[in-house]
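K.L.:
Numbering (this note's numbering), first residue to last: 5 to 532.
Listed below in structure tokens is the structure:
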């Protein structure tokens, strides 16, 4: 019996008898109250769980032979990862993104980086601040689920408060904070952004007038994640800084109350007229400030009175000061930041495009791109559209065409296989397999893909193309370029031209210069 199942059944002392027949496990337990039915049902290989009179029946999914073999591979990879990462006791928490497992580790010295790099199924690994990332690729979700099932990890693990933050650099702290706060909001922003983008594309094609009720409703659905963004950020910011997240939500509610938005309010001669809906930075800083007020209130308040005194002090101090002082300062800073980016873009588009195009994939590799992504989100939330995301848009095609050029030139069977799989995922916008398995180990071709990205970014800058919402990867990003008053023909010309330039530069330079050398001479196929 899997140890995670034993754990969810209340440990061995709670199990009286267990018998497995085909795809069913019959278990008799002493105390049904110690059995976590919901956790058992959540296991990726469990179909259903039934309880009756102190007995549990667990129905397992009927895997095909291929699925069983894959499951075995995932289990083996998970075991090898944990063996080389210092075991479960060295892991604070584990999560995953599209292609990577992301670990928070207690002791870095216990992590065998070189051994993990050589694991079959791992494309590479790296430290990003205090976070250890293992690149898995398309199977990351299966490996992650296997890890959770085998070792009992919770997907919502909270990072230990006792983690030593003093040794972190400012960059590491900034990236860690932005990731922790913005990631919970990304699915909402992407979902709403895609709906809004599709509606704007339909409107630009003159398929609707914009007055239809269904169109108004869908536009509202698309706008809602942006309008109410401070609520989500308030919650995630409070959670990130270890305050009751409901307090963060309450602070956002006070800051965004409808009757005080953009209304002149006089406070001892200081007039404040601002709006906090659809904003990014103000609520993050106000809630961060609120965490100190919250802890102070908890410290001075007797336990008997804390249920109503702590929220009174927290809200009564944080929201007025945030609304009157912190918010206006940060709103002004955000505006200056946006204006500066737009000025560089409007005055020196070539410089902006070359810098961002050349640097973008390097930033992705070092995990520093979230800073730029948050600036782009800030611009979109302000309703101005962003040149940042439009200029980095060709990066996926530059990287992908570099890989396909290598595919057509190499005679290494293993490398061809890597190029094909990573080239297909690259066309869908997921370029990390291409970066970590093909181009980065052959650094010259990674640089070529960066040059190609700069060429595509230059086209976007010269044509003045902006992106008006988040959402989608690769070619599915197209709808995000359509904003109010934007001509579809202009957008399509810019997109197609930028992809042709980025992909053309990358493919041609790689095709001309590529030669199988060193590691590529192994598994060499014979060609007549």
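Idealized CB from N, CA, C, for every residue including glycine.
Keep in mind the model is a prediction, meaning the values are calculated, not measured.
Which full runs of the alpha helix (DSSP H) of 4+ residues lie inside the stretch 411 to 456, going along the chain?
P.N.:
Fully enclosed alpha helix (DSSP H) runs of 4 or longer: 417 to 431.
K.L.:
Could you have a look at residue 101 and say whether DSSP puts it in helix, strand or coil?
P.N.:
It is coil, neither helix nor strand.
K.L.:
Count the other CB atoms within 10 Å of the CB of residue 265; is the residue buried (16 or more) or exposed (fewer)?
P.N.:
Exposed is the call here.
K.L.:
Alpha carbon to alpha carbon, how far is residue 323 from residue 255? Give it in angstroms, no decimals.
P.N.:
Cα-Cα distance, rounded: 6 Å.
K.L.:
Go ahead and pull the three-state DSSP assignment for residue 35.
P.N.:
Coil, per DSSP.
K.L.:
Hey, out of 295, 152, 261, whose CA is closest to residue 46's CA?
P.N.:
Ranking 295, 152, 261 by Cα distance to residue 46 puts 152 first.
K.L.:
From the DSSP output, in three-state form, read off residue 242 for me.
P.N.:
Three-state DSSP puts residue 242 in a helix.
K.L.:
How about residue 457 and residue 394: are their beta carbons less than 7 Å apart?
P.N.:
No, the pair does not count as a contact, with Cβ atoms beyond the cut-off.
K.L.:
Less than 6 Å separating the Cβ of residue 508 from some heavy atom of the ligand COA?
P.N.:
Annotation note on the ligand COA: not contained in the displayed structure, which lists no ligands.
K.L.:
Which value, in whole angstroms, describes the spacing of the CA atoms of residue 31 and residue 21?
P.N.:
Each residue's alpha carbon lies about 6 Å from the other.
K.L.:
Here's a check: name, in chain order, each residue in its chain whose Cβ is nearer than 6 Å to the Cβ of residue 141, leaving out the five neighbours to either side.
P.N.:
Same-chain partners within the cutoff: 103, 127, 437.
K.L.:
Do residue 193 and residue 241 have their C-beta atoms closer together than 7 Å?
P.N.:
No, they are not a contact pair.
K.L.:
Output the distance between the C-alpha atoms of residue 207 and residue 289, rounded to the nearest integer angstrom.
P.N.:
So the alpha carbons of these two residues sit roughly 37 Å apart.
K.L.:
At which residues does the beta strand (DSSP E) containing residue 276 begin and terminate?
P.N.:
Unbroken beta strand (DSSP E) run through residue 276: 274 to 276.
K.L.:
May I ask you to report which of helix, strand or coil DSSP gives residue 395?
P.N.:
Helix.
K.L.:
At which residues does the alpha helix (DSSP H) containing residue 498 begin and terminate?
P.N.:
Residue 498 -> alpha helix (DSSP H) spans 492 to 517.
K.L.:
Does the stretch 498 to 518 touch the stretch 404 to 412, meaning 3 or more C-beta pairs lie closer than 8 Å?
P.N.:
The stretch 404 to 412, when compared against the stretch 498 to 518, does touch it at the 8 Å Cβ threshold.
K.L.:
Relative to the alpha-carbon of residue 261, which residue among 239, 231, 246, 248 has its alpha-carbon at the smallest distance?
P.N.:
Per the Cα distances, 231.
K.L.:
Whether or not the stretch 503 to 511 and the stretch 453 to 467 are in contact is what I'm after, with contact meaning three or more pairs of Cβ atoms, one per stretch, closer than 8 Å; do they touch?
P.N.:
Counting Cβ pairs under 8 Å, three or more are found: they touch.
K.L.:
DSSP state of residue 153, grouped into three classes?
P.N.:
Correct three-state label for residue 153: helix.
K.L.:
What's the call for residue 210, buried or exposed, on a 16-neighbour Cβ count within 10 Å?
P.N.:
With fewer than 16 Cβ atoms within 10 Å of its Cβ, residue 210 is classed as exposed.
K.L.:
In whole angstroms, what separates the C-alpha of residue 305 from that of residue 325?
P.N.:
The straight-line gap from Cα to Cα measures roughly 21 Å.
K.L.:
Which same chain residues, not among the five before or five after residue 499, have their C-beta less than 7 Å away from its C-beta?
P.N.:
For residue 499, where only same-chain residues beyond five positions count, the Cβ hits under 7 Å are 482, 485.
K.L.:
Where does residue 124 sit, in a helix, a strand or coil, going by DSSP?
P.N.:
Three-state result, residue 124: coil.
K.L.:
Would a C-beta distance cut-off of 7 Å place residue 510 and residue 417 closer than the cut-off?
P.N.:
Going by C-beta atoms, residue 510 is not nearer than 7 Å to residue 417.
K.L.:
So, for residue 302: in the same chain, excluding its five sequence neighbours on each side, which residues have a beta-carbon less than 7 Å away from its beta-carbon?
P.N.:
Counting only Cβ-Cβ distances below 7 Å, and skipping sequence neighbours, we find 310, 314.
K.L.:
With a threshold of 8 Å on Cβ separation, who are the neighbours of residue 362 within its own chain once the five nearest residues in sequence on each side are excluded?
P.N.:
So the qualifying residues of the chain are 454, 455, 457, 458.
K.L.:
What is the rounded straight-line gap between the Cα of residue 145 and the Cα of residue 34?
P.N.:
Distance between the alpha carbons of residue 145 and residue 34: 35 Å.
K.L.:
Is the distance from the Cβ of residue 533 to the Cβ of residue 435 below 7 Å?
P.N.:
Outside the displayed span of the chain (5 to 532) sits residue 533, for which this structure offers no information.
K.L.:
Between the Cα of residue 229 and the Cα atoms of 381, 156, 39, which residue gives the shortest distance?
P.N.:
Comparing Cα-Cα distances from residue 229 to each of 381, 156, 39, the minimum goes to 381.
K.L.:
How about residue 12 and residue 43: are their beta carbons less than 7 Å apart?
P.N.:
Yes, the pair counts as a contact, with Cβ atoms nearer than the cut-off.
K.L.:
Looking at residue 106 and residue 137, is the spacing between their C-beta atoms short of 7 Å?
P.N.:
Against a cut-off of 7 Å, the Cβ pair of residue 106 and residue 137 comes out as a contact.
K.L.:
Should residue 108 and residue 84 be called a contact, given that it needs their Cβ atoms to be closer than 7 Å?
P.N.:
Contact flag unset, no.
K.L.:
My understanding is that residue 214 touches residue 291, with C-beta atoms under 8 Å, so please give their C-beta distance in whole angstroms.
P.N.:
Wrong, their Cβ atoms sit about 36 Å apart, outside the cutoff.
K.L.:
Decide if residue 234 is buried, meaning its Cβ has at least 16 other Cβ atoms within 10 Å, or exposed.
P.N.:
It counts as buried.
K.L.:
May I have the straight-line CA-CA distance separating residue 501 from residue 149, to the nearest angstrom?
P.N.:
Answer to the nearest angstrom: the Cα atoms are 41 Å apart.
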